[in-house]
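Have a look at the structure below before the remarks.
In this note's numbering, the protein residues as written are 639 to 1141.
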């Protein structure tokens, strides 16, 4: 239920000032107070103090990865139920609209300035952060990019990374589920429909295969809480085409056409917020039915492709806003692939979550000549509070084809786009190939990351702009421009089939 603004408009100026002062002292974002004073209720994230990954009862590391994932999900849900109970009772009593999350132990709520002042006095609240709605930067096709009648049997990027050689060995992603978090998906696009997990060849079932984290958009063509996959922007359909697309005829645009895909819409026409990003990550770890009930971690994705960034204007101002969710998704055995962003060519231009996180496998973009794209963001990332004693990893981790990449586009068309958004699904699809070739790699993201790094191509791969970044030259591997090199799916496959114990 939406909260009335009448709770704060009648406050005397002195009381309002005191409320603002209390909020600032309690770690409440001052921008929230200012917005509430001038515009009424504001969207916010109420963050509880405990954001760690739960310490689970020790179990055999050879135990099935799904057993470990179930235990993690149970622990996260139990913690949220216990630690959020009083706060949720308080929100209910005040009639405040909210959505609670367990993957990061926080609550999205629509709050007045009086609510903010009251929250400032609670000892079960660590901080309250803004959850704004500002459009994100995503690639869009020009008229010249559109190729409705173009024929390309195998997309150049798919061939460049030697994916067809893995197919020839008998592995095309079968038995693997790729999750996409993006602007949505045209699920019945000819290149995507045969590979959607919710399609059995006759009927569609979107339970556990699709989730819409857009609940309060105005004028969006997909509406709110869409009961079927829908793409309001085109970007998500393009990325899905690259990780799993194949129309069975003239458009083999996907790296892993034998994989199944599931999807979550976390952007409203390119507009994301921390809450939307977190909601889709929670769903990927334990998909639900269309009523957002009955989460089932056994139906989680094996790899998640993320061609987006949470930029400061969207609410990721400090950088750790969505880190706990990413960490818990990876702790659940899911390989998390993230675009480096398109803010190059300067060094230090990888600045936004999730690309900056240790837990994310971060991807730069190369062209058909193995030259790093000028737009591809470079490392090193800015320092952040660390959660382990291990040194910060090289970012990007690897690079992949990301310039003039042809893929699916709604409705039922194909376009070429450029961006690290396009490189990222090449890597997600390659991870699916490795898991299909050796099922023991499922649930072991660190092992997949190591394989992709160790087998990346370095010969002839270069940054034409920078001689060095972060103290490493472009001829030193790994480096902060290209990472460990440009991925090679067949070389990674050859190494993957030799793995017996991924720990």
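Just so it is clear, CB atoms sit at the ideal spot from N, CA and C, and this is done for glycine as well.
- Boundaries of the alpha helix (DSSP H) harbouring residue 804: 801-806, taken from the DSSP string.
- Distance from the CA atom of residue 1108 to the CA atom of residue 935, rounded to whole angstroms, is 40 Å.
- Comparing C-alpha distances from residue 925 to each of 836, 840, 766, 1011 shows the shortest one belongs to 836.
- Counting every other CB atom within 10 Å of its CB across the protein chains shown gives residue 719 a total below 16, marking it as exposed.
- Taken through DSSP and simplified to helix, strand or coil, residue 890 comes out as strand.
- Per the C-alpha coordinates, the member of 888, 920, 825, 794 positioned closest to residue 851 is 920.
- Comparing C-alpha distances from residue 929 to each of 863, 725, 705, 1063 shows the shortest one belongs to 863.
- By DSSP's assignment, residue 926 forms no beta bridge with any residue.
- Between the beta-carbon of residue 1010 and that of residue 906 there is about 32 Å, and that puts the pair past the 8 Å contact cut.
- Under DSSP, the beta-bridge partners assigned to residue 1111 are 1106.
- DSSP places residue 854 in no alpha helix (DSSP H); its state is neither H nor E.
- The bridge partners DSSP lists for residue 862 come to none.
- Secondary structure at residue 703: helix, using DSSP grouped into helix, strand and coil.
- Of the candidates 1110, 980, 1057, the residue whose Cα lies closest to the Cα of residue 1032 is 1110.
- Annotation: residue 670 to residue 767 spans about 7 Å, alpha carbon to alpha carbon.
- Ranked by Cα distance from residue 1020, the options 1002, 995, 1037, 1035 are led by 995.
- In terms of Cβ geometry, residue 989 and residue 1037 do not form a close pair [threshold 8 Å].
- Going by DSSP, residue 1123 is part of no beta strand (DSSP E) at all; its letter is neither H nor E.
- In the three-state scheme derived from DSSP, where H, G and I count as helix and E and B as strand, residue 1036 is classed as strand.
- Around the C-beta of residue 1049, fewer than 16 other C-beta atoms lie within 10 Å, and the residue is accordingly described as exposed.
- Residue burial annotation: residue 1073 is buried, with at least 16 other C-beta atoms found within 10 angstroms of its C-beta.
- Here the alpha carbons of residue 1082 and residue 830 stand approximately 27 Å from one another.
- For residue 685 against residue 764, the beta-carbon gap comes to about 5 Å, under 8 Å, which counts as contact.
- Look at residue 794 here: in three-state DSSP terms it is helix.
- A distance below 6 Å between beta-carbons, with the five flanking residues on each side excluded, links residue 1093 to the following residues of its chain, in chain order: 1126, 1129, 1130, 1133.
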